[in-house]
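Structure first, then comments.
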């Protein structure tokens, strides 16, 4: 079997925070011990609320933030590749905001050719390559001479994709790459990403908060909460039968385009804010907001249960049961205060 | 209409036009709808459809823009707000009709505590003393379910999370107990879990305070949750209006159908979404005609919003509504369910 295009083992990212006047230092662990695997041609999605560490994971994979643990790109240690010229043929990234990710003074063609020049030096063959790349993202070849300001958001994002693909990387990391686009543009960019996957066998690590998009595009999904993966598995199975209470809450919270069913599922909403990663609760990180938490959840880190390609990190680990889903709209709780936490989990 | 008493809010033939080099352009084109006390009305459409402009006109926020012209009527409990002077309107705004926006961080003043910002509106409209206003600000924070309201009233906006800030915005908006609340993409920037909480809170406030709510969004799934009635806007015009159930179950305008089809849930369905871009809008006749699969020569003539034959309280701006079969939201849902079943059985046979 070929090596995964991406493998992380115990990936951990810690930031140093300077509180107040800079006298007291605090550290914030945004990603803790994440194990991921992306096979050639596969799309793996990372989902979770803001602050869950999904974007930080993406940035670590691309060498944009320092990390501990191991990141392997096509079997090679990322640390040996990241600062070399050939890094671009292993992984590339597409960012959320196409307005700030393209240099406003460079023509579209120069932006797309830049990673090629980095990889193999200047060449007269690049112009033809740029035209082909523009066509593969359904833009006219003549756009190479344009500046980003002449393009719409959707067109810019397609340029960003063409640039990411220029070096034929085995892995493209899309960090909320569709989130800034409106519905019709989103659909088109999504179709292009899928087409490119079929044609070139590109693998994607796809970071998104829109679960409907993830369900459509991803082969496998990993759900992150407070820096850890709490559940992972084949997308359709995770969506059909979520085993972690957080996954269940996340799926139930997304409104659906069906007024009668939507009004029935309203009741199963998790309370509380997305938690503050600088204040990590003990035991299972989700226990302060979990409707199914038992005493053990407050003290013991839950074990990972793996079966048939699915992993769940939960003491309770059971199928969603509407009759038991007591997670009514309880209103917000401050997850950092122990009194409230006690009140919620009793 | 039925013989019920006059609705709380009546928007009647509202037109917002802007002077451009080539002549006046109508951003909002003869929009009429009404909202009853305690009712939630959802206005949905793509960006540029005129939904936010409608809200701004209702709030009297377009008065100072010289190049804008607002005509028609916006009646609140029978009084036409468009006829008020700027001074009179500023007495109404924040007291009888309030608005919350998408981005709470840029709507709140970072230099003042949230208590001061809630108190400001109470002192302005209710003539309260500082002390009274502060006490009332605490009550407003409790109303929007912010824990530790007594303590949090002295906190600054940056000390709150995104969801909490949106609750603070709601507290400011409802502090004077307005009759109408306009929520413009108020949950769009929030995480789904927080969005669900804020939607729940909005429903509760609406019931407890008997407010009429105008909910503006591009996301029909959110309206499936919160709206009683829905108006679909396209190119400045209302193209369909009905109860939320009818809009999804008996969809009666091809554009509404295309908008439903563009929901992220339906990405997996065969065939591309047909949502038009701005240059595909027709200037005359049916505006949706260039992208409509049902369009014929007849659609080149102007169409009015008219009752859908055989249905009550359901209007559509489609000339062919009674002779074509428009895919409804439930058709799409069924197709999705079927597709998922196929995927499941395929996955089952692989295993």
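Residue numbers (my numbering), protein chains in the order written: chain X, 151 to 496; chain Z, 79 to 429.
Where is the CB? At the ideal position from N, CA and C, for every residue including glycine.
Since this is a predicted model, take the numbers as computed values, not measurements.
Check	Outcome
Neighbour list for residue 359 (chain X) in chain Z, Cβ cutoff strictly below 8 Å	269 and 270
Burial state of residue 255 (chain X), where buried means 16 or more other Cβ atoms lie within 10 Å	exposed
Contact check, residue 467 (chain X) vs residue 393 (chain X), beta carbons under 8 Å	yes
Close Cβ partners of residue 294 (chain X) (< 7 Å) along its chain, the five nearest in sequence each way excluded	257, 258, 259, 280, 281 and 284
Alpha helix (DSSP H) runs contained entirely in the stretch 192-261 of chain Z, provided each spans 4 or more residues	192-204, 208-221, 227-230 and 240-252
Contact set between the stretch 288-315 of chain X and chain Z, restricted to residues whose Cβ is under 7 Å from the partner	none
Any C-beta of chain X under 8 Å from that of residue 300 (chain Z)	yes
First through last residue of the alpha helix (DSSP H) which encompasses residue 401 (chain X)	395-403
Sequence ranges, alpha helix (DSSP H) only - wholly within the stretch 86-162 of chain Z, length at least 4	129-136
Given residue 163 (chain Z) as reference, the closest of Z:185, Z:180 and Z:139 once Cα atoms are compared	Z:139
Where residue 569 (chain X) sits in the DSSP three-state scheme	Residue 569 (chain X) lies beyond the stretch modelled for chain X, which goes from 151 to 496, so this question has no answer here.
Assigned exposure category for residue 243 (chain Z) - 16 Cβ within 10 Å defines buried	buried
The stretch 152-162 of chain Z in contact with the stretch 329-337 of chain Z per 3-pair CB rule at 8 Å	no
Residue 460 (chain X): contacting residues in chain Z (beta-carbon distance under 7 Å)	What residue 460 (chain X) touches in chain Z: nothing, since even the nearest Cβ is about 12 Å away.
Rounded distance between the beta-carbons of residue 306 (chain Z) and residue 322 (chain Z), thought under 8 Å	6 Å
Which residues DSSP lists as bridging residue 357 (chain X), in chain order	X:196 and X:325
CB of residue 32 (chain Z) within 8 Å of CB of residue 288 (chain Z), strictly	The requested residue 32 (chain Z) does not occur in the structure, where chain Z is confined to residues 79 to 429.
Buried versus exposed, by CB contacts within 10 Å (16 or more), residue 223 (chain X)	buried
Presumed contact (8 Å Cβ cut-off) between residue 90 (chain Z) and residue 118 (chain Z), rounded CB distance	Rounded, the Cβ-Cβ distance is 20 Å, inconsistent with contact.
Whether residue 424 (chain X) touches residue 269 (chain Z) by CB criterion (8 Å)	yes
CB-CB length for residue 372 (chain X) against residue 221 (chain X), believed under 8 Å	Their Cβ separation, rounded to whole angstroms, is 15 Å, which puts residue 372 (chain X) and residue 221 (chain X) out of contact at 8 Å.
Helix, strand or coil at residue 180 (chain Z) [DSSP, three-state]	coil
Integer Cβ distance of residue 292 (chain Z) from residue 133 (chain Z), believed to fall under 8 Å	7 Å
Local conformation of residue 165 (chain X) per DSSP, three classes	strand
Ordered list of alpha helix (DSSP H) runs contained in the stretch 230-313 of chain X, each at least 4 residues	258-270 and 276-286
Exposure label - residue 414 (chain Z); buried when at least 16 CB within 10 Å	buried
Residue 242 (chain X) and residue 317 (chain X) closer than 8 Å at C-beta	yes
C-beta contact flag for residue 196 (chain Z) and residue 257 (chain Z) at 8 Å	no
Residue 200 (chain X): contacting residues in chain Z (beta-carbon distance under 8 Å)	240 and 269
Cβ shell of residue 152 (chain X) (< 6 Å), same chain only, five flanking positions each side left out	190
Top-ranked residue by Cα proximity to residue 451 (chain X), from X:166, X:436, X:235 and X:458	X:436
Residue 207 (chain X) to residue 426 (chain X) span [Cα, whole Å]	17 Å
Per-residue burial, residue 367 (chain X) [other beta carbons within 10 Å of its own, 16 or more giving buried]	buried
Per-residue DSSP class, three states only, for residue 429 (chain X)	coil
Endpoints, beta strand (DSSP E) assigned at residue 167 (chain Z)	Where residue 167 (chain Z) is concerned, there is no enclosing beta strand (DSSP E), although the alpha helix (DSSP H) it sits in stretches over 164-170.
Proximity test, Cβ basis, 8 Å: residue 124 (chain Z) and chain X	yes
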